[in-house]
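Asker: In our numbering, the protein residues as written are 1 to 582.
Here it is, the structure, as structure tokens.
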């Protein structure tokens with residue numbers, strides 16, 4: 001038996017790491033958490049300062065027995081679980097369950113590469129009990145909420161399965177957005193677009209500088225245009241630039257993968273976890289935009305070799321969130337000389353390419369553009385036609401994204417005073433829109449902005465509310481809607497009423513009927529549970545435990561007192577009152 005035992009969470013990770021460490025090391029997996037609070041009761045001694053009790057999970061007894069055997073024959077044990085709160089908690093549970101000494105080496109790494117693993121082995125630390133306490137405070141509060149409030153919901157609301165400190169504010173977000181949409185009153189305006197040509201027959205696409213509030217105004221303008229002379233009144237050219245975005249963090253990866261690849265949040269995290277475990281990318285649960293100096297240098301070398309030194313610009317991004325808890329880098333490839341990895345399944349390859357390009361682009365020069373605006377005077381009106389053009393002068397980071405010159409918005413070479421002729425015209429009725437329904441990705445963005453979640457919980461939060469049947473992801477067809485169209489044909493004003501398809505939804509989140517009842521019930525009787533600021537403040541309290549060593553029980557006690565009082569008062573609420581809320 002090897003002298004050294006390394007314990008990680010996942011079997012896939014164990015296999016990869018064992019290859020790097022060699023014959024003197026055995027790497028075993030705990031396959032996630034090995035113990036939890038008992039399923040049959042709360043597992044928290046409230047009178048004894050909220051002391052939790054833990055039992056080895058039934059499906060992990062064989063795993064624990066195997067680990068105990070391995071520990072007995074090992075000279076040295078290393079705890080190598082992920083460096084986040086869940087990972088730290090797993091390390092602590094292993095320490096306790098396997099009766100390991102408190103000074104057992106705890107090693108952490110943000111990428112599964114030979115260099116990172118070797119460095120971690122040579123610079124171990126011990127279990128960080130402050131981080132464990134933060135996870136324990138979260139777990140205890142979530143358990144208290146779930147165990148005490150769920151029976152109340154079963155009695156009061158048909159179809160309600162559970163409420164949670166984090167899931168319930170997420171349900172509320174979806175419910176409130178739907179109500180905003182329902183209340184929205186549609187208003188219409190008339191937008192004008194036209195095509196003008198110069199003496200050489202070159203076309204200029206223009207928009208009118210203002211919109212009209214009524215059809216009558218649009219008709220009056222269109223009629224006046226029949227006798228108007230059009231001439232270039234101003235040409236403005238100015239340089240512009242576009243800067244690359246920072247490398248990915250958990251939330252931005254989820255959003256970009258949704259928008260560009262059509263992946264669900266859960267799918268993105270599953271694929272990213274696979275890429276991490278096989279050593280292709282760094283750890284995928286992070287809220288840090290930071291890149292290591294080694295990664296910055298590696299990116300620079302690839303950029304200069306591939307594109308040239310003019311394309312390289314060292315950039316160091318700062319994390320905006322003051323509560324950022326993870327000690328990780330941004331999500332990046334572990335080897336920037338590999339733009340693609342042979343043998344990856346198609347979806348994993350697409351996600352890797354997304355991460356690779358974003359990382360490389362983050363260390364590249366700005367794209368330089370020239371923007372041109374041409375204003376055209378209308379002789380008998382105060383309004384102005386405006387044309388906007390843009391050409392790429394220097395591609396910079398856009399080179400990574402295969403920006404094509406055909407993407408330029410070119411304008412003809414015009415001079416002030418040039419006369420133009422109207423060849424195409426449309427004043428089209430346009431309708432105001434309510435705020436859009438959330439997608440999984442935009443919901444994650446909102447959760448992050450409000451501070452009610454952390455990288456390790458985003459995907460779970462979004463999937464849990466769907467699993468509980470409070471929120472459904474749906475694609476819905478639009479409905480036919482008539483709109484007013486005013487055109488000029490052969491020197492005459494013509495009006496028509498075409499039909500368009502409006503309101504189509506793809507993979508949008510809708511609340512179920514139970515979600516309305518649940519949200520209204522919680523807002524009225526358990527306001528803190530669904531209060532966004534309260535939830536965000538509690539996340540900050542967990543950060544304070546982890547970073548400053550605040551006693552975790554004090555945070556739990558402060559939460560539990562008012563919460564439990566509301567639980568006791570809930571017995572007086574009638575089922576009829578609850579179902580009459582919506």
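Where is the CB? At the ideal position from N, CA and C, for every residue including glycine.
1. In whole angstroms, what separates the C-alpha of residue 583 from that of residue 174?
2. Straight-line CA distance for residue 325 to residue 255?
3. What ranges does the alpha helix (DSSP H) occupy inside the region 262-346, keeping only unbroken runs of at least 4 residues that lie completely in it?
4. Within the region 370-416, note down every full beta strand (DSSP E) run reaching 3 residues or more, in order along the chain.
5. What does a CB cutoff of less than 8 angstroms around residue 565 pick up in its chain, not counting 5 residues either side in sequence?
6. Return the CA-CA distance between residue 539 and residue 441, expressed in angstroms with no decimal places.
7. Which same chain residues end up closer than 7 angstroms to residue 394 when comparing Cβ atoms and leaving out the 5 residues on each side of it in sequence?
8. If contacts are defined as beta-carbon pairs under 8 angstroms, then residue 91 and residue 106 qualify, I think. What distance do you get, rounded to the angstrom?
9. Thinking residue 171 and residue 434 are a contact (beta carbons under 8 angstroms), I'd like their distance in whole angstroms, please.
10. Under the rule that 16 or more other beta-carbon atoms within 10 Å means buried, what is residue 17, buried or exposed?
11. Output needed for residue 541: all residues of its chain with C-beta closer than 7 angstroms, excluding positions within five of it in sequence on either side, in chain order.
12. Where residue 195 and residue 388 are concerned, what is the direct C-alpha to C-alpha distance, given to the nearest angstrom?
13. Nearest to residue 49 by alpha carbon, out of 140, 240 and 69?
14. Looking at the unbroken alpha helix (DSSP H) that takes in residue 449, where does it start and where does it end?
15. Cα separation between residue 549 and residue 529?
16. Would you verify that the beta carbon of residue 11 is, or is not, closer than 8 angstroms to some beta carbon of chain D?
17. Does the separation of the CB atoms of residue 229 and residue 379 fall below 8 angstroms?
18. Determine the direct distance from the alpha carbon of residue 491 to that of residue 497, and round the result to whole angstroms.
19. Hey, could you find the ends of the alpha helix (DSSP H) residue 515 is sitting in?
20. Within the same chain, show all residues whose beta-carbon is closer than 6 angstroms to that of residue 161, passing over the 5 residues directly before and after it, in chain order.
21. Going by other Cβ atoms of all chains shown within 10 Å of its Cβ, with 16 needed for buried, is residue 60 buried or exposed?
22. Among all the DSSP beta bridges, which residues are the ones paired with residue 52?
23. Could you spell out the range, first to last residue, of the alpha helix (DSSP H) harbouring residue 424?
24. Going by Cα to Cα distance, which pick from 79, 249 and 36 is closest to residue 103?
25. Between which two residues does the beta strand (DSSP E) containing residue 94 stretch?
26. Please identify the residue among 422, 29 and 246 whose C-alpha is closest to the C-alpha of residue 489.
27. Is it the case that the Cβ atoms of residue 153 and residue 44 are separated by a distance below 8 angstroms?
28. So what does residue 4 bridge to, in DSSP terms?
29. What does a CB cutoff of less than 8 angstroms around residue 337 pick up in its chain, not counting 5 residues either side in sequence?
30. Going straight from the alpha carbon of residue 526 to that of residue 149, what length do you get?
31. Using a 10 Å radius around the Cβ and a threshold of 16 neighbouring Cβ atoms, would you call residue 465 buried or exposed?
32. I need the DSSP call for residue 18, collapsed to helix, strand or coil.
33. Give the straight-line distance between the Cα atoms of residue 125 and residue 472, rounded to the nearest whole angstrom.
34. With distances taken between CB atoms, is the gap from residue 257 to residue 360 smaller than 8 angstroms?
35. Output the distance between the C-alpha atoms of residue 187 and residue 204, rounded to the nearest integer angstrom.
36. With a 10 Å radius around its C-beta and 16 neighbouring C-beta atoms as the bar for buried, classify residue 155 as buried or exposed.
Answerer: Let's see:
1. Residue 583 lies beyond the residue range present for the chain, which begins at 1 and ends at 582; the question has no answer from this structure.
2. For residue 325, the pLDDT reaches just 46, beneath the cut-off of 50, and the residue's location in the model is therefore unreliable, although a value from the coordinates is still provided. When the Cα atoms are used, residue 325 and residue 255 turn out to be separated by approximately 20 angstroms.
3. Taken in chain order, the whole alpha helix (DSSP H) runs of length 4 or more contained in the region 262-346 are 265-277 and 293-306.
4. 384-394
5. Excluding positions up to five away in sequence, the list is empty.
6. 21 angstroms
7. 367 and 368
8. Indeed they touch by this definition, with Cβ atoms about 6 angstroms apart.
9. Not quite, the Cβ-Cβ distance comes to about 19 angstroms (not below 8 angstroms), so this is no contact.
10. buried
11. 555
12. 13 angstroms
13. 140
14. DSSP places residue 449 in the uninterrupted alpha helix (DSSP H) bounded by 440-450.
15. Rounded to the nearest whole angstrom, the CA to CA distance from residue 549 to residue 529 is 25 angstroms.
16. Absent here is chain D; the protein component of the structure consists of one chain.
17. yes
18. 20 angstroms
19. 513-525
20. 468
21. buried
22. Per the DSSP secondary-structure output, residue 52 pairs in a beta bridge with 44.
23. Where residue 424 is concerned, there is no enclosing alpha helix (DSSP H), although the beta strand (DSSP E) it sits in stretches over 419-431.
24. 79
25. Careful: residue 94 lies outside any beta strand (DSSP E), inside the alpha helix (DSSP H) at 85-97.
26. 422
27. No, Cβ-Cβ distance for residue 153 and residue 44 is not below 8 angstroms.
28. The bridge partners DSSP lists for residue 4 are 25 and 76.
29. 298 and 302
30. 9 angstroms
31. The C-beta of residue 465 has 16 or more other C-beta atoms within 10 Å across all chains shown, which makes the residue buried.
32. Reduced to three states, the DSSP call for residue 18 is helix.
33. 44 angstroms
34. no
35. C-alpha separation (whole angstroms): 30 angstroms.
36. exposed
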